Each structure stands twice: as structure tokens, then as C-alpha cells.
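Protein chains: 2
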Amino acid sequence: MSTAHHRKKQPLFVRQQLLEVAARLASEKGMTAVTLDAVSGASGVSKGGLLHHFPSKNMLLEALFDSLLERLDAAIEEAMRADPLPHGRFTRAYLHACLALRDQPQGTKDWAQVTMVLLTEPQLRQRWHAWVRERSEEYVGTDSSVDAAIVRLAADGIWLADLLGSHDLDESARQRLIDRLIELTRL
Amino acid sequence: MSTAHHRKKQPLFVRQQLLEVAARLASEKGMTAVTLDAVSGASGVSKGGLLHHFPSKNMLLEALFDSLLERLDAAIEEAMRADPLPHGRFTRAYLHACLALRDQPQGTKDWAQVTMVLLTEPQLRQRWHAWVRERSEEYVGTDSSVDAAIVRLAADGIWLADLLGSHDLDESARQRLIDRLIELTRL
DNA sequence: CATAACATACCAGTTGGACGGTTTCGTCAA
DNA sequence: TTGACGAAACCGTCCAACTGGTATGTTATG
Numbered sequence: 002m003s004t005a006h007h008r009k010k011q012p013l014f015v016r017q018q019l020l021e022v023a024a025r026l027a028s029e030k031g032m033t034a035v036t037l038d039a040v041s042g043a044s045g046v047s048k049g050g051l052l053h054h055f056p057s058k059n060m061l062l063e064a065l066f067d068s069l070l071e072r073l074d075a076a077i078e079e080a081m082r083a084d085p086l087p088h089g090r091f092t093r094a095y096l097h098a099c100l101a102l103r104d105q106p107q108g109t110k111d112w113a114q115v116t117m118v119l120l121t122e123p124q125l126r127q128r129w130h131a132w133v134r135e136r137s138e139e140y141v142g143t144d145s146s147v148d149a150a151i152v153r154l155a156a157d158g159i160w161l162a163d164l165l166g167s168h169d170l171d172e173s174a175r176q177r178l179i180d181r182l183i184e185l186t187r188l
Numbered sequence: 002m003s004t005a006h007h008r009k010k011q012p013l014f015v016r017q018q019l020l021e022v023a024a025r026l027a028s029e030k031g032m033t034a035v036t037l038d039a040v041s042g043a044s045g046v047s048k049g050g051l052l053h054h055f056p057s058k059n060m061l062l063e064a065l066f067d068s069l070l071e072r073l074d075a076a077i078e079e080a081m082r083a084d085p086l087p088h089g090r091f092t093r094a095y096l097h098a099c100l101a102l103r104d105q106p107q108g109t110k111d112w113a114q115v116t117m118v119l120l121t122e123p124q125l126r127q128r129w130h131a132w133v134r135e136r137s138e139e140y141v142g143t144d145s146s147v148d149a150a151i152v153r154l155a156a157d158g159i160w161l162a163d164l165l166g167s168h169d170l171d172e173s174a175r176q177r178l179i180d181r182l183i184e185l186t187r188l
């Protein structure tokens with residue numbers, strides 16, 4: 002009966018907003034704080050409305066995780082388009098995507114933290130495995146060298162350090178590290 | 002009135018067991034499955050008994066995280082004692098501790114997953130920060146080089162890959178990577 | 001006017017935790 | 001040696017708040 006009932010209906014916008022709210026809750030207050038009540042409350046959407054978009058809590062979490070993977074894919078594809086050299090292209094793009102989150106404005110750090118939170122949920126970890134397997138098969142021709150694997154490993158380490166805030170590297174050292182990693186993808 | 006009431010009192014053992022059960026629940030079913038009821042039920046200790054050892058759920062989680070950090074400290078110290086060269090000694094020990102979990106028997110993989118699960122809880126992330134800061138200050142004389150930082154970063158990456166099961170490195174490649182990392186700690 | 005996009009009301013089960021009871025243990029005087 | 005006694009280590013119950021989810025509306029949109 003109240004406010005949101007009379008406003009213009011924007012299903013895609015509302016759906017998007019619900020995912021963002023869920024992401025913010027997860028990163029700020031941990032996984033246990035992501036409840037249907039909390040999400041619906043913080044987004045100004047009723048619980049019924051929330052359950053209309055996502056039939057169950059699992060569906061909500063899976064949709065959230067999928068949207069994060071889509072963003073990752075988009076960032077990687079964009080970086081790959083700007084890279085003329087085929088060999089190691091995917092690995093460089095992956096590295097770039099991992100590095101990017103540190104320099105992005107506010108929301109993107111949450112993004113990474115949510116990814117990690119979601120990875121702790123065993124069911125969603127399978128989705129991540131599938132993603133990794135797909136990519137490693139797709140780019141087996143150009144990114145299957147040992148060095149490339151090492152670079153991707155290091156990128157994960159940087160990703161982890163960035164989102165945990167364990168910054169003990171200064172800018173110049175970080176830049177030297179990145180240069181070296183990119184060099185490794187070309188070998 | 003029933004069973005456990007009459008058995009011999011073993012406060013330290015019970016406390017230890019409660020932490021192990023909580024760890025197992027967290028790694029197998031995710032953070033949302035770690036409830037007081039679940040922990041007390043799976044450990045054969047009443048909820049009252051559980052709340053006697055850990056006055057609140059937060060206290061339980063913090064104690065669990067602390068015990069994990071203690072294990073990490075113990076593994077690192079052991080590795081450091083076996084290392085005669087001071088320069089980079091802590092970093093090598095840290096690397097060794099990160100690598101060790103893959104080769105350990107069953108329970109230890111859970112250990113790492115729990116660490117990650119707990120790291121998603123914002124309050125516990127601060128504890129991790131404190132741990133990192135302490136160590137980086139303690140070993141500033143021997144492990145503050147850029148290369149050492151890089152090695153620790155890569156160790157985190159390996160740690161993450163191991164516990165997520167994203168194994169795309171074969172044994173020989175892994176060994177070459179490790180050798181290279183150890184070499185870097187000596188520069 | 002049919003359907004999608006919401007809202008409101010309600011439910012049964014679960015949650016963290018408070019509370020008061022019972023049993024064991026350490027210790028120290030007699 | 002004993003035995004009293006306070007503290008620590010448990011147990012079982014109860015509860016208010018919250019949980020995910022259902023069922024049934026009401027409103028907007030094509």
C-alpha cells in the first residue's frame with residue numbers, strides 16, 4: 002500500500018538494485034548478514050517483491066555470483082580487445098582485471114569482497130570451478146604455459162592482498178612487480 | 002542429567018573439540034551453517050555447555066580464528082628454526098607454511114577453508130590485519146625487500162588456489178615455481 | 001483484461017542467548 | 001585423611017527475535 006507500490010515499475014532496475022544491496026551487505030557485515038529481510042529492508046523493496054525476482058535465497062546468491070562473473074568476463078574481454086598479441090593475451094587480461102579493482106572507485110572493492118564471501122559457500126565454489134575450467138580450455142592454445150599459470154597465481158595473490166587491505170607494497174615496487182609479470186606472459 | 006554430565010570433566014579437551022566441530026561445519030557447509038545449535042549438537046555438548054566455554058557466538062568465532070593463527074605461527078616458527086640463513090627466513094617459512102597445507106592429510110585443508118571463511122567476517126579481518134602488521138614489523142630487518150613481498154604474495158596465491166582446488170599445475174611445474182620463489186628470498 | 005510487478009499478512013522452524021539447576025574439582029582447614 | 005565449600009564445568013529449558021518461504025492481495029502495463 003505504501004510508497005513503492007505507486008512508483009513506476011522498473012523490474013530490471015529493481016532487480017539490479019537488489020543485487021547491489023545484497024553485495025553491500027555481504028561485504029560490510031559478512032555472509033550471515035545477507036538475509037531476505039535485510040536485503041528487502043535496505044533496498045526499500047518488500048520481501049514479497051524480493052521473492053518475486055528471486056524465488057529463493059539460493060537463487061538470489063547464485064544470481065549475484067553470476068552477475069559478478071559477468072562483470073569479470075566483461076573486464077577481461079575489454080582488456081583482450083586492446084591487446085594485439087595473441088600469446089598470453091588472456092593471462093594479461095586476467096592480471097589486468099585483478100589489478101583494476103584497486104584503482105576503481107568505491108563500489109568495486111565490495112565487488113571483490115563479495116566474490117570471496119560467495120566463494121566460501123560450497124555450492125557457489127562449483128560455479129567458480131566451472132568458470133575456471135571453461136577459460137582454461139578456451140585459451141589452452143595461448144595461455145597454457147607454466148609462466149602464464151604463475152602469473153595468474155600471482156594475480157590472485159595481489160587480488161587477495163588488495164581486498165584484505167594488506168598493503169605493504171609502495172607504488173614503485175608494485176609497478177615493478179606488474180611489469181615483471183606482464184613480461185612473463187610474453188615468454 | 003544425561004550422558005556427558007557424568008563423564009570426567011575435561012575442559013580443555015571439550016573446548017578444543019568445540020572449535021574443531023565449528024571448523025568442520027564452516028568448511029563443509031559454509032559460514033551460515035555455523036550456529037550454536039549446530040555446533041553443540043554435532044559435538045555432543047549442550048548449548049549451555051558451549052556458551053559456558055564461549056560466552057557468545059562472536060567469542061567462539063574469534064577463538065577459532067585465534068587458534069588457527071596460533072597453528073600458523075607454530076608452523077612458521079618450526080620452519081624458521083630449521084633455516085640457518087637469517088635473510089628472508091620469515092618469508093621462506095611463510096611460503097613453507099602456505100605450501101604445507103596441500104601435502105597434509107585430511108583435516109588441514111579444512112583448516113585453510115575455515116581461515117578463508119572467517120576472513121569474510123569483517124571483525125575477524127581486523128585480527129588478520131593485526132597479525133600481518135606485527136609480523137612485518139618484527140621481521141623488518143630480514144624480510145622487507147621487494148622480492149620477499151612478492152614471494153609472500155605468490156604464496157598467498159598458491160594458498161588460495163590450493164584450497165579452491167583450481168589445480169592446473171602439474172607436479173614438476175609446481176616444484177620449479179617453488180624453487181624460483183625460494184631463490185627470490187635470498188636475493 | 002491478462003499478466004507481470006509489486007505489497008501485506010502470516011507461518012512454522014530456527015536463531016542467539018539468558019537463566020537456574022546439577023555435578024565435579026581444587027584446596028585448605030581440622 | 002577427611003570433608004566442607006566455593007568455583008568451575010557442565011546440562012536442560014525457555015524465549016523473543018528472526019529466518020526463509022507461502023499465500024493472497026493490489027497496482028501498473030502492455
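Sequences listed follow chains A and B, in order. Numbering-wise (our numbering), the first sequence opens with residue 2 and increments by one. Numbering-wise (our numbering), the second sequence opens with residue 2 and increments by one. Just so it is clear, CB atoms sit at the ideal spot from N, CA and C, and this is done for glycine as well. Predicted, not measured: the structure shown is a model, and the values here were computed from it.
Among the options, nearest to residue i - alpha-carbon criterion
i: SER28(A); options: LEU119(B), ALA24(B), SER173(B); result: LEU119(B)
i: LEU62(B); options: THR33(A), ALA131(A), GLU21(A); result: THR33(A)
i: PRO12(A); options: LEU51(A), LEU37(A), MET81(A), ALA24(A); result: LEU51(A)
i: GLN124(B); options: VAL133(A), LEU165(A), PHE91(A), ALA131(A); result: LEU165(A)
i: ALA64(A); options: PRO87(A), ALA94(A), LYS30(A), ALA23(A); result: ALA23(A)
i: ALA101(A); options: GLY31(A), ALA39(A), ARG175(A), THR143(A); result: ARG175(A)
i: THR92(A); options: ASP67(A), ALA155(A), ARG128(A); result: ALA155(A)
i: ALA150(A); options: VAL35(B), GLY158(B), HIS97(B); result: GLY158(B)
i: ILE183(B); options: GLU21(B), ARG90(B), LEU73(B); result: ARG90(B)
i: GLU172(A); options: ASP38(B), ARG177(B), VAL147(B), ARG153(B); result: VAL147(B)
i: ASN59(A); options: GLY31(B), TRP129(B), GLU138(B); result: GLY31(B)
i: LEU188(B); options: LEU178(B), ASP144(B), LEU161(B), ALA162(B); result: ASP144(B)
i: CYS99(A); options: SER41(A), GLU138(A), ALA162(A), ARG177(A); result: ALA162(A)
i: VAL152(B); options: ARG136(B), VAL115(B), TYR95(B), TRP129(B); result: TYR95(B)
i: LEU73(A); options: LEU178(A), VAL133(A), VAL46(A); result: VAL133(A)
i: ARG128(B); options: ALA80(B), PHE66(B), LEU185(B), ALA75(B); result: PHE66(B)
i: ARG16(B); options: ARG82(B), ASP84(B), SER137(B), PHE55(B); result: PHE55(B)
i: LEU185(A); options: GLU78(A), ALA83(A), HIS88(A), ALA80(A); result: HIS88(A)
i: GLU139(A); options: SER68(A), GLY49(A), VAL40(A), GLU78(A); result: GLU78(A)
i: SER68(B); options: GLN18(B), ALA83(B), ILE179(B); result: GLN18(B)
Three-state secondary structure assigned by DSSP to residue i
i: GLN18(A); result: helix
i: LEU100(B); result: helix
i: THR92(A); result: helix
i: MET2(B); result: Legend: pLDDT at MET2(B) = 37, less than 50; position of this residue unreliable, value from coordinates given subsequently. The answer is coil: DSSP assigns MET2(B) none of H, G, I, E or B.
i: GLN11(A); result: coil
i: ASP148(B); result: helix
i: ASP84(B); result: coil
i: THR121(B); result: coil
i: THR143(A); result: coil
i: ASP38(B); result: helix
i: ASP171(A); result: coil
i: PHE66(A); result: helix
i: GLN107(A); result: Any reading at GLN107(A) must be qualified, since the residue scores a pLDDT of 49, below 50, and its modelled position is unreliable; the value itself is stated next. If DSSP states are grouped into helix, strand and coil, GLN107(A) belongs with coil.
i: SER47(A); result: coil
i: LEU154(A); result: helix
i: SER57(A); result: coil
i: LEU52(A); result: helix
i: LEU26(B); result: helix
i: LEU188(A); result: coil
Contact list for residue i against chain A, beta-carbon separation under 8 Å
i: ASP157(B); result: ASP157, GLY158, LEU161, ALA162
i: LEU165(B); result: LEU120, ARG126, TRP129, HIS130
Exposure of residue i, with buried meaning 16 or more beta-carbon neighbours within 10 Å
i: MET117(A); result: buried
i: ALA131(B); result: exposed
i: PHE14(B); result: exposed
i: SER44(B); result: buried
i: VAL141(B); result: exposed
i: GLU71(B); result: exposed
i: HIS53(B); result: exposed
i: ARG25(A); result: buried
i: HIS122(B); result: It is worth fixing the name first, because residue 122(B) is Glu in this sequence and not His. Result: buried.
i: LEU20(B); result: buried
i: ARG126(B); result: buried
i: GLN107(A); result: Caution is warranted here: a pLDDT of 49 is assigned to GLN107(A), below 50, making its placement in the model unreliable, and the coordinate value is therefore given only provisionally. Its Cβ having fewer than 16 others within 10 Å, GLN107(A) is exposed.
i: LEU86(B); result: exposed
i: ALA76(A); result: buried
Neighbouring residues, chain B, relative to residue i (Cβ below 8 Å)
i: ARG177(A); result: VAL147
Under 7 Å from the C-beta of residue i: neighbouring residues of chain B
i: ILE151(A); result: LEU178
i: LEU154(A); result: ALA155, GLY158, ILE159, ALA162
Where residue i meets chain A, residues with beta-carbon distance less than 9 Å
i: ALA174(B); result: VAL147, ALA150, ILE151
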